[in-house]
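Enquirer: Below: one structure in structure tokens.
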Amino acid sequence: MYREYIQEKEFRWTELHSRLSELWELCHVADIERLVPASYDPDSHTEKDFDNMSTEISRLECLYEARKEVCDILTKWKLKWAEKMAIEDKKKSAEYFQNRGRENNVFLDAKIERTLNEFTLPKLLKSLIAAYDDYRENHPDDEIRVEGFTPPDYVKWVIDEYNASKDVERKTRQMQRNLTSTSALRTPQSGRGKLPPRPVSSSKLEPLRKVYFV
Numbered sequence: 000m001y002r003e004y005i006q007e008k009e010f011r012w013t014e015l016h017s018r019l020s021e022l023w024e025l026c027h028v029a030d031i032e033r034l035v036p037a038s039y040d041p042d043s044h045t046e047k048d049f050d051n052m053s054t055e056i057s058r059l060e061c062l063y064e065a066r067k068e069v070c071d072i073l074t075k076w077k078l079k080w081a082e083k084m085a086i087e088d089k090k091k092s093a094e095y096f097q098n099r100g101r102e103n104n105v106f107l108d109a110k111i112e113r114t115l116n117e118f119t120l121p122k123l124l125k126s127l128i129a130a131y132d133d134y135r136e137n138h139p140d141d142e143i144r145v146e147g148f149t150p151p152d153y154v155k156w157v158i159d160e161y162n163a164s165k166d167v168e169r170k171t172r173q174m175q176r177n178l179t180s181t182s183a184l185r186t187p188q189s190g191r192g193k194l195p196p197r198p199v200s201s202s203k204l205e206p207l208r209k210v211y212f213v
């Protein structure tokens with residue numbers, strides 16, 4: 000009986016936590032605020048914890064309903080940004096540009112990346128700014144925060160961090176190239192040096208003399 004009782008509690012907990020996790024993602028709740036553990040612990044969790052989880056689910060459902068447009072656009076932006084990062088990670092492989100099979104289409108990736116950078120991501124950011132401005136106009140007392148930023152500022156922060164990281168990588172590569180070039184100039188040529196010329200006997204430099212036998 001006790002085992003069945005625990006299993007029933009575990010099932011309820013898993014079901015509630017699954018819905019809560021879904022709402023965390025939809026509402027872009029920061030990881031540091033996701034405090035409810037995924038597993039049920041019979042030694043520490045009580046019925047009050049179930050009630051608290053249900054209350055939080057109801058709160059987030061209402062929040063998502065009000066912020067749906069802003070949250071959904073931000074979700075789309077995150078997915079497209081992750082797609083861009085995945086392509087960049089593929090390009091870091093030394094074999095990427097050598098293996099051009101169907102599963103590694105360099106030209107297709109380049110086209111997708113260009114579309115993301117020049118069209119999709121900027122358009123989503125523009126839509127996000129418009130949606131958030133509209134939300135603030137209709138909800139002046141509610142400021143949405145994602146990792147401490149408003150949604151548009153969060154996106155700009157991610158982009159700024161990315162650009163700063165790329166700049167550091169570029170400077171590091173340049174420094175390594177400079178060090179390699181300097182080292183090559185300072186290192187003497189390897190291998191044996193040429194042997195000095197052998198001295199030539201002075202007799203060999205004199206013209207041949209005729210010898211007469213008498």
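Taking numbering that gives the first Met the number 0, the leading residue of the sequence shown gets 0, the next gets one more, and so forth.
We treat Cβ as the ideally placed atom computed from N, Cα and C, and that holds for glycine.
1. DSSP three-state call for VAL28: helix, strand or coil?
2. Take HIS16 and list the residues in its own chain whose beta-carbon comes closer than 6 Å to its own, dropping the five residues that flank it on each side.
3. To the nearest whole angstrom, what separates the beta carbons of VAL69 and ALA130, a pair I think is in contact under 8 Å?
4. With a CB to CB cut of under 6 Å and the five nearest residues on each side skipped, what residues in its chain are close to TYR294?
5. Just list the alpha helix (DSSP H) runs in the segment 97-148, keeping only unbroken ones of 4 residues or longer that don't cross its boundaries, in chain order.
6. Please classify LEU204: does DSSP put it in a helix, a strand, or coil?
7. With distances taken between CB atoms, is the gap from LEU123 to LYS170 smaller than 9 Å?
8. Where does THR54 sit, in a helix, a strand or coil, going by DSSP?
9. When the Cα atoms are used, what is the spatial distance from GLU160 to LYS79?
10. With DSSP collapsed to three states, give me the class of LEU73.
11. Excluding sequence positions up to five away, which residues of its chain have a Cβ less than 8 Å from the Cβ of ARG176?
12. Taking only three categories from DSSP, how would you classify TYR211?
13. Hey, HIS44 and LYS77: beta-carbon distance below 9 Å or not?
14. With distance defined between alpha-carbon atoms, name the residue in LEU178, ASN116, LEU73 nearest to ASN162.
15. Do you know whose CA, among ALA81, PHE49, VAL154, lies nearest ILE111's CA?
16. Rounding to the nearest angstrom, what Cα-Cα distance links ASP166 and TYR153 in this structure?
Expert: Reading it off the structure:
1. Taking the first residue of the sequence shown as 1, we reach residue 28 at position 29. VAL28: coil per DSSP, three-state reduction.
2. The count along the sequence shown starts at 1 and reaches residue 16 at position 17. Same-chain partners within the cutoff: ALA37.
3. The residue given as residue 69 occupies position 70 in the sequence shown. The residue given as residue 130 occupies position 131 in the sequence shown. With a Cβ gap of about 5 Å, VAL69 and ALA130 count as contacting.
4. There is simply no residue 294 to check, as the chain begins at 0 and stops at 213 in what is shown.
5. 105-114, 120-137
6. Looking up residue 204 in the sequence shown gives position 205. Since pLDDT at LEU204 reaches only 42, below the 50 mark, its modelled position is unreliable, and the value read off the structure follows with that caveat. Looking at LEU204 - three-state DSSP - the assignment turns out to be helix.
7. Locating residue 123 in the sequence shown gives position 124, counting from the first residue. Locating residue 170 in the sequence shown gives position 171, counting from the first residue. Contact: no.
8. Indexing the sequence shown from 1 puts residue 54 at position 55. In the structure shown, THR54 sits in a helix (DSSP, three-state: H, G or I).
9. Within the sequence shown, residue 160 is the residue found at index 161, counting from 1. Within the sequence shown, residue 79 is the residue found at index 80, counting from 1. If you take the alpha carbons of GLU160 and LYS79, they lie about 17 Å apart.
10. Position 74 of the sequence shown, counting from 1, holds the residue named residue 73. It is helical.
11. Reading the sequence shown from its first residue, position 177 is the one you call residue 176. Here the set comprises nothing.
12. The sequence position of residue 211 within the sequence shown is 212, counting from 1. Annotation note: pLDDT 38 at TYR211 (below 50); position unreliable, coordinate value reported separately. In this structure, TYR211 counts as coil in the three-state DSSP scheme.
13. Counting from one through the sequence shown, the residue named residue 44 turns up at place 45. Counting from one through the sequence shown, the residue named residue 77 turns up at place 78. Going by C-beta atoms, HIS44 is not nearer than 9 Å to LYS77.
14. Here residue 162 refers to the residue found at position 163 of the sequence shown. It is ASN116 whose Cα lies nearest to the Cα of ASN162.
15. Mapped onto the sequence shown, residue 111 falls at position 112. Among ALA81, PHE49, VAL154, the Cα nearest to that of ILE111 is on ALA81.
16. Taking the sequence shown and counting its residues from 1, one reaches residue 166 at position 167. Taking the sequence shown and counting its residues from 1, one reaches residue 153 at position 154. Approximately 20 Å between the Cα atoms of the pair.
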